[in-house]
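Chemist:
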Amino acid sequence: MSPWIEVRFLSYRFQLDEQAFGGSRYPEYLFALLLFLAFAPLHAATVIRDVTVIDVTSSAARPHQNVVIEGQKIVSIGPAIPAGARVVNGRGKFLIPGLWDMHVHLWYKQNQLPMFVAFGVTGVQDMGSDFQKVSAWRDAIEKGQSIGPHIVTSGPPVDGRASDDEKLPVIAARTPDDARKAFDKLWDMHVDFIKVLSSLSRDSYFALAEQARHWDMRLEGHIPISVTAWDAVEARQASIEHLFGVMKSVSTDSEALRFFEQCAAVGTRISPTLVLWQRMAHIDDHRLKNDASLKYVAPQIRTSWPELKEEDADASKEEVKGIYRLTGLTTQTKVEVLAGTDTGDPWTIPGSTLHDELEQLVAAGFSPHQALRAATLAPAKFLGWEESMGSIEKGKLADLVLLDANPLEDIRNTRKIAAVFVRGRYLSRLRLNQILATNAHD
Ligand SMILES: [Zn+2]
């Protein structure tokens with residue numbers, strides 16, 4: 012409640028009581044009012060005091076900073092603490108930018124959205140879902156009616172054939188003309204980018220990519236089976252998901268390095284989604300089955316998942332090694348990597364699975380700083396939002412995660428969340444626990 016509403020509420024109560032009790036309670040209410048004004052200053056600002064700020068642009072850790080937040084923004088970082096500011100104790104803690112999961116599907120009911128935030132994920136890129144539904148959720152979040160991450164969404168992906176998955180509506184384009192019509196339809200819907208799937212024909216893909224280039228719309232997604240990874244880069248596909256198209260198109264390390272340098276040169280990003288590969292190859296089923304955070308996924312969703320069968324796996328395990336090798340090789344080039352999970356798929360947990368991806372990026376050869384960057388600065392630059400997010404700087408949005416331990420020393424420390432700020436809104440550990448508790452199912 013805002014202080015003004017509170018004051019008016021008190022004076023209203025006072026009038027009622029005056030009538031009822033002949034003014035006998037007047038001093039009591041006046042006292043309450045004074046007490047309220049004395050102890051509930053208008054919090055013009057919030058300060059995270061004496062915190063170590065992790066600079067994702069340089070990997071520096073800057074201790075003893077006071078980060079001041081007003082409204083939705085960071086207004087200063089340094090020694091000053093404004094009078095009357097609400098203080099959040101940052102001593103011994105570490106502050107990172109809000110995390111982005113750059114490959115999710117928002118298929119399920121709205122109460123999954125607060126979970127992303129509860130796990131420090133303040134932004135998601137939705138790679139295919141029902142556009143109307145996601146738009147409505149996004150509106151509610153942006154109006155402050157519900158808690159959730161920033162959302163960018165493709166709406167329905169474009170593919171060469173209709174979808175047999177009712178959660179994933181697609182626009183089927185069998186010819187170049189269909190592809191151009193699909194582009195117009197998505198443009199009119201005001202989607203944020205176009206997602207392409209695997210079965211688009213070569214001609215249709217190039218027609219779609221040409222429209223995307225012409226109208227300056229990002230084309231993201233799979234590399235269709237009909238084209239090579241080199242074709243996709245040539246066509247200026249903005250991001251390549253899952254790396255499988257790259258596996259097919261490069262046969263040696265030196266060719267892979269040349270490919271990633273070419274991606275860097277034209278601005279194509281790579282989203283390896285290593286956790287997806289782990290799930291497909293059943294590499295760590297035991298951990299997936301025993302993840303304590305599974306209780307936050309509604310039973311209706313969990314029961315729709317296929318059972319994990321480790322014996323199905325062996326054939327793809329070698330392929331996954333190749334994917335990890337490719338992911339590691341990206342660090343020897345300037346290509347930007349985006350952290351993504353395919354959350355929405357079976358055996359994913361909104362928000363939590365992003366931390367698994369960060370851990371896998373490190374397993375593939377990233378430094379903790381490079382993994383953090385793939386979920387913070389790299390997404391912000393990719394979306395063209397570097398001015399307002401991606402790092403902790405004066406003037407940027409206060410999307411922040413306060414950690415109990417240093418993520419540059421051990422990437423698993425991104426899970427040790429003491430508080431989250433999303434658009435300047437402070438969510439204490441207590442509040443985050445409440446969000447999780449309302450989503451917990453036994
Ligand atoms: Zn996906």
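Just add 11 to the spot in the sequence shown (first one is 1) and you have my numbering.
Glycine residues also receive a C-beta, built at the ideal position from the N, C-alpha and C atoms.
The structure presented is a predicted model; accordingly, all values stated were derived computationally and were not measured.
Which whole-angstrom value is the C-beta distance of Ile80 and Ala409, which I expect to be below 8 Å?
Modeler: Right, their Cβ atoms sit about 4 Å apart.
Chemist: Short of 8 Å in beta carbon distance, which residues of its chain neighbour Asp66, apart from the five on each side in sequence? Order them along the chain.
Modeler: For Asp66, where only same-chain residues beyond five positions count, the Cβ hits under 8 Å are Ala72, Arg73, Ser402 and Ile403.
Chemist: Could you please give the first and the last residue of the uninterrupted alpha helix (DSSP H) stretch that includes Lys392?
Modeler: Its alpha helix (DSSP H) spans residues Leu388 to Leu394.
Chemist: On a CA-only basis, which of Thr338, Ala385 and Phe127 is nearest Phe255? Give me that one, please.
Modeler: Of the candidates Thr338, Ala385 and Phe127, the one whose C-alpha sits nearest the C-alpha of Phe255 is Thr338.
Chemist: Using the beta-carbon count (16 or more within 10 Å), is Ala303 buried or exposed?
Modeler: Exposed, since its Cβ has fewer than 16 Cβ neighbours within 10 Å.
Chemist: What residue range is occupied by the uninterrupted beta strand (DSSP E) comprising Met113?
Modeler: Unbroken beta strand (DSSP E) run through Met113: Leu110 to Val115.
Chemist: Please tell me whether, using a cut-off of 7 Å, the distance from the CB of Met138 to the nearest non-hydrogen atom of ligand 1 is below it.
Modeler: Answer for Met138: yes, Cβ within range of ligand 1.
Chemist: Going by the beta-carbon positions, is the gap between Gly166 and Gly131 smaller than 8 Å?
Modeler: Contact: no.
Chemist: Quick check on DSSP: helix, strand or coil for His3?
Modeler: One cannot answer for residue 3 here, as it falls past the ends of the chain, which runs 12 to 453.
Chemist: Roughly how many angstroms separate the alpha carbons of Arg434 and Leu388, rounded to a whole number?
Modeler: In a straight line, the C-alpha of Arg434 is about 17 Å away from that of Leu388.
Chemist: Following the continuous beta strand (DSSP E) through His253, name the residue where it begins and the one where it ends.
Modeler: Neither: His253 is in no beta strand (DSSP E) and is coded neither H nor E.
Chemist: Hey, would you say Ala275 sits closer than 8 Å to Lys345, going by beta carbons?
Modeler: For Ala275 and Lys345, yes; Cβs fall inside 8 Å.
Chemist: Under 7 Å from any heavy atom of ligand 1, does the C-beta of Asp353 make it?
Modeler: Yes.
Chemist: Within the present structure, is the beta-carbon of His201 separated from the nearest heavy atom of ligand 2 by less than 7 Å?
Modeler: Ligands present in the displayed structure are limited to ligand 1, and ligand 2 is not among them.
Chemist: Starting from the C-beta of Trp241, find all residues in its chain whose C-beta is less than 8 Å away, skip the five residues before and the five after it, and write them out in chain order.
Modeler: The answer, listed in chain order, is Ser260, Phe270 and Gln273.
Chemist: Smallest Cα separation from Thr63: which of Thr57, Gly82, Arg102 and Ala96?
Modeler: For the residues Thr57, Gly82, Arg102 and Ala96, the minimum Cα distance to Thr63 belongs to Arg102.
Chemist: In the DSSP assignment, find the beta strand (DSSP E) that holds Ser87 and state where it starts and stops.
Modeler: Taken as a continuous stretch (DSSP letters only), the beta strand (DSSP E) holding Ser87 covers Lys84 to Gly89.
Chemist: My parser needs the alpha helix (DSSP H) runs of 4 or more residues fully inside the segment 326-408; what are they?
Modeler: Qualifying alpha helix (DSSP H) stretches, in chain order: 363-374, 379-385 and 388-394.
Chemist: Would you call Ala385 buried or exposed, if buried means 16 or more other Cβ atoms sit within 10 Å of its Cβ?
Modeler: By the 10 Å Cβ count, Ala385 comes out buried.
Chemist: With a threshold of 7 Å on Cβ separation, who are the neighbours of Ile312 within its own chain once the five nearest residues in sequence on each side are excluded?
Modeler: Cβ within range, chain order: Tyr119.
Chemist: So, is Lys300 buried or exposed, given that buried needs 16 or more other C-beta atoms within 10 angstroms?
Modeler: With fewer than 16 Cβ atoms within 10 Å of its Cβ, Lys300 is classed as exposed.
Chemist: At what residues does the alpha helix (DSSP H) containing Val128 begin and finish?
Modeler: That run of the alpha helix (DSSP H) goes Leu124 to Ala129.
Chemist: Whose C-beta lies closer than 8 Å to the C-beta of Arg60 among residues of the same chain, with five residues either side of it excluded?
Modeler: Cβ within range, chain order: Asn77, Ile92, Val98, Val99, Asn100, Gly101 and Arg102.
Chemist: I think Gly2 touches His116, with their Cβ atoms under 8 Å apart; what is that distance to the nearest whole Å?
Modeler: In this structure the chain extends from 12 to 453, so residue 2 is not present and cannot be described.
Chemist: List the endpoints of the continuous beta strand (DSSP E) containing Glu272.
Modeler: No beta strand (DSSP E) holds Glu272; the alpha helix (DSSP H) holding it covers Asp264 to Val277.
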